[in-house]
Amino acid sequence: MKITYYGHSCFGVEVASIKIVFDPFIQPNKLASSINLTEIEADYMVVSHGHEDHTADLIELAKQTNATVISNYEIIEWVKSKGIKKVHAMNTGGSFTFDFGTIKSVFAAHSSSLPDGTYGGNPNGYIIKANKKTLYYAGDTALTTEMKLIGEFENVDLSILPIGDNFTMGINDAIIAANFIDCNEVIGMHFDTFPPIKIDHNKAIKAFKNKGVNLQLLSIGQTVAI
Ligand code: NI
Ligand code: MN
47 MKITYYGHSC
57 FGVEVASIKI
67 VFDPFIQPNK
77 LASSINLTEI
87 EADYMVVSHG
97 HEDHTADLIE
107 LAKQTNATVI
117 SNYEIIEWVK
127 SKGIKKVHAM
137 NTGGSFTFDF
147 GTIKSVFAAH
157 SSSLPDGTYG
167 GNPNGYIIKA
177 NKKTLYYAGD
187 TALTTEMKLI
197 GEFENVDLSI
207 LPIGDNFTMG
217 INDAIIAANF
227 IDCNEVIGMH
237 FDTFPPIKID
247 HNKAIKAFKN
257 KGVNLQLLSI
267 GQTVAI
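Take the sequence shown: its letter number 8 is residue 54 in this note's numbering, and every next letter is one higher.
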């Protein structure tokens, strides 16, 4: 599994040669000006919830790549109304096996409306199992006790967690989340993009390290493998 950071909560995950893009928000993100949307390839797109900082480039990228969009029922209905035909609707608690592996839609404690005000259903995180690795992409979420279920029943190799505070978990709660998930490898997301979520990188890495968790803050464009 190869993971590339496109800024904010947007990641590319490559399994074998299949490419999955999470929560596309690139063109409006000044920090991601080095990323050219037209160069991004995707076979699938996974959307955690409807907020603009997760969907701004969704329709454009879906049209450009002809990727299959995976999200909850309400977001998929909205995506279809924008002319996108390749879609796969899921909802909280459901799993489905695609050609690259299995995706499970899990609970996230947040809200969800589309940029035009359309109801976006419930927000979700996703557990991706592919190539004998398990990745947890939390989406926008608070710390919740539901994360203990993931720790109990899944073997997560890497968690992508929001750490920017204000709209989602902050660093202290994300450390507790890593403990609930029983996963010591974390990639941070949802930080620095807007003034209320700016963080001190060294302080964050140190705080995680003190609790035995390795926090990676990827530079935009950086790729890591698990
Ligand atoms: Ni949000
Ligand atoms: Mn957000």
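Here a beta-carbon is modelled for each residue, glycine too, at the ideal position from N, C-alpha and C.
Just so we're clear, the structure is a prediction, and the values are computed from it rather than from any experiment.
What does a CB cutoff of less than 6 Å around residue i pick up in its chain, not counting 5 residues either side in sequence?
{"i": "G140", "result": "S151"}
{"i": "A102", "result": "F71 and P74"}
Using only the heavy atoms of the ligand MN, determine whether one of them is closer than 7 Å to the beta carbon of residue i.
{"i": "F240", "result": "no"}
{"i": "H100", "result": "yes"}
Cβ-heavy atom distance between residue i and the ligand NI below 7 Å?
{"i": "D219", "result": "no"}
{"i": "H54", "result": "no"}
{"i": "D211", "result": "no"}
{"i": "H134", "result": "no"}
{"i": "D186", "result": "yes"}
{"i": "H247", "result": "no"}
Which whole-angstrom value is the C-beta distance of residue i and residue j, which I expect to be below 8 Å?
{"i": "S158", "j": "G166", "result": "4 Å"}
{"i": "H95", "j": "P169", "result": "4 Å"}
{"i": "I149", "j": "I116", "result": "7 Å"}
Determine the direct distance from the alpha carbon of residue j to that of residue i, and round the result to whole angstroms.
{"i": "H97", "j": "K178", "result": "32 Å"}
{"i": "D145", "j": "I206", "result": "22 Å"}
{"i": "V93", "j": "K249", "result": "30 Å"}
{"i": "D184", "j": "P208", "result": "The sequence given here has Ala at residue 184, not Asp. C-alpha separation (whole angstroms): 7 Å."}
Tell me which residues share the same chain as residue i and place their Cβ nearer than 7 Å to its Cβ, disregarding the 5 neighbours each side in the sequence.
{"i": "K65", "result": "G58, E87, A88 and D89"}
{"i": "L189", "result": "M215, D219, I222 and A223"}
For residue i, collect the residues of the same chain with a Cβ closer than 8 Å to its Cβ; drop the 5 residues on either side in sequence, then sort them by chain order.
{"i": "I266", "result": "Y51, Y52, G53, L77, A78, S80 and I81"}
Report the start-end ranges of each alpha helix (DSSP H) in the stretch 132-176 that is 4 residues or longer and not cut off at the edges. none
Write down every uninterrupted run of the beta strand (DSSP E) in the stretch 202-250 whose length is 3 residues or greater and which is fully enclosed by it, in chain order. 204-208 and 231-235
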